[in-house]
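S.K.: What follows is a structure written as structure tokens; I'll ask about it next.
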Amino acid sequence: AQKVTQAQTEISVVEKEDVTLDCVYETRDTTYYLFWYKQPPSGELVFLIRRNSFDEQNEISGRYSWNFQKSTSSFNFTITASQVVDSAVYFCALSEAENTDKLIFGTGTRLQVFP
Amino acid sequence: ETGVTQTPRHLVMGMTNKKSLKCEQHLGHNAMYWYKQSAKKPLELMFVYSLEERVENNSVPSRFSPECPNSSHLFLHLHTLQPEDSALYLCASSQDWDRGVFRETQYFGPGTRLLVL
Chain A
1 AQKVTQAQTE ISVVEKEDVT LDCVYETRDT TYYLFWYKQP PSGELVFLIR
51 RNSFDEQNEI SGRYSWNFQK STSSFNFTIT ASQVVDSAVY FCALSEAENT
101 DKLIFGTGTR LQVFP
Chain B
116 ETGVTQTPRH LVMGMTNKKS LKCEQHLGHN AMYWYKQSAK KPLELMFVYS
166 LEERVENNSV PSRFSPECPN SSHLFLHLHT LQPEDSALYL CASSQDWDRG
216 VFRETQYFGP GTRLLVL
């Protein structure tokens, strides 16, 4: 069965702190895709990254970085030097090659960054 | 307009009303989706349309009726809703290759926040 677990319901940090959002997934497929989306208070889900299961290279984009570890079925997201504008709910999601239209979302982690 | 737009952004309706949610994508995609986001629950996929054909219906009650007149527009017609249907309804679109064999990343609209009284 497919499942995405984001164990951290809410995280609060002070600006300029680094913060890591955890994501653990379950799938029986050998080919799958992992995503992170950001949902600010305005409501829309903003796409951040997509990773396929064959590419375990870590990725960095500005202050954002992602650590994909197949051995632990994790796809963690780190924000370096957090800013107030990073405050949002962050969702990790999984889709399998057998059914790519079905995005399975975690329950989200609410990040609050205080000035 | 760019990306995925949704109207209205907020909607309050009574249980006997009929209303429609509209989604429009300006990305040249050919697959569109409706999701429901309720408090404290994961996003739930409701409907998927690929090339204007419905390809998935996740056991959604018949009081929700989707319509996809063309690849850029998606509607969700609502009638005789229940208070538990109050939620954020999100539309998304993606590029569908080879009739669902592979779909690219989904891009989401801002959502319609629905309150059923």
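Note that the protein sequences, when read in sequence, are chains A and B. The first sequence begins at 1 in the numbering used here and counts up by one. The second sequence begins at 116 in the numbering used here and counts up by one. Every residue gets a Cβ at the ideal spot worked out from N, C-alpha and C, and that includes glycine.
Any idea if Phe-35 of chain A is buried or exposed, counting beta-carbon neighbours within 10 angstroms, 16 or more meaning buried?
M.R.: The residue is buried, with at least 16 neighbouring Cβ atoms inside 10 Å.
S.K.: Is it buried or exposed for Leu-232 of chain B, if we count other Cβ within 10 angstroms and need 16 for buried?
M.R.: exposed
S.K.: Beta-carbon separation of Val-163 of chain B and Tyr-150 of chain B under 7 Å?
M.R.: no
S.K.: Which residue from A:Asp-55, A:Ser-71, A:Thr-72 and A:Ala-81 puts its Cα closest to that of Tyr-64 of chain A?
M.R.: A:Ala-81
S.K.: From Leu-94 of chain A to Leu-103 of chain A, what distance separates their C-alpha atoms?
M.R.: 6 Å
S.K.: Rounding to the nearest angstrom, what Cα-Cα distance links Ser-174 of chain B and Ala-154 of chain B in this structure?
M.R.: 20 Å
S.K.: Taking all protein chains shown into account, decide if Gly-108 of chain A is buried (16 or more other Cβ within 10 angstroms of its Cβ) or exposed.
M.R.: Under the 10 Å beta carbon count, Gly-108 of chain A is surrounded by 16 or more other beta carbons and is classified as buried.
S.K.: If you count every other CB in all the chains shown that lies within 10 Å of the CB of Gly-62 of chain A, and 16 or more means buried, which is it?
M.R.: exposed
S.K.: Which residues of chain B have a Cβ atom closer than 9 Å to the Cβ of Arg-28 of chain A, listed in chain order?
M.R.: Listed by position along chain B, the residues whose Cβ is nearer than 9 Å to that of Arg-28 of chain A form an empty set, because the closest Cβ is around 19 Å away.
S.K.: Tell me whether Thr-72 of chain A sits in a helix, a strand or coil according to DSSP, three-state version.
M.R.: helix
S.K.: Does the beta-carbon distance from His-141 of chain B to Arg-228 of chain B come in below 7 Å?
M.R.: no
S.K.: So Glu-59 of chain A contacts chain B; which residues on that side make the cut at Cβ distance below 9 Å?
M.R.: Within chain B, no residue comes near Glu-59 of chain A; the closest Cβ sits about 15 Å away, beyond 9 Å.
S.K.: Say whether chain D places a C-beta atom closer than 7 Å to the C-beta of Phe-105 of chain A.
M.R.: Among the protein chains of the structure shown, namely A and B, there is no chain D.
S.K.: Using the rule of at least 16 other Cβ atoms within 10 Å of the residue's Cβ for burial, across every protein chain shown, is Pro-225 of chain B buried or exposed?
M.R.: Counting of Cβ neighbours within 10 angstroms places Pro-225 of chain B among the buried residues, the total reaching 16 or more.
S.K.: With respect to the beta strand (DSSP E) encompassing Asn-52 of chain A, which residues constitute its N-terminal and C-terminal limits?
M.R.: 46-52
S.K.: Pull up the distance between the alpha-carbon of Glu-167 of chain B and that of Pro-157 of chain B, whole angstroms please.
M.R.: 26 Å
S.K.: By how many angstroms is the C-alpha of Thr-117 of chain B removed from the C-alpha of Phe-223 of chain B?
M.R.: Rounded to the nearest angstrom, the gap between the Cα atoms of Phe-223 of chain B and Thr-117 of chain B is 12 Å.
S.K.: Assuming Asp-45 of chain A and Tyr-90 of chain A are in contact, meaning their beta carbons sit under 8 Å apart, how far apart are those beta carbons, in whole angstroms?
M.R.: The amino acid at residue 45 of chain A is misidentified as Asp; the sequence shows Leu. About 10 Å separates the two Cβ atoms, so there is no contact after all.
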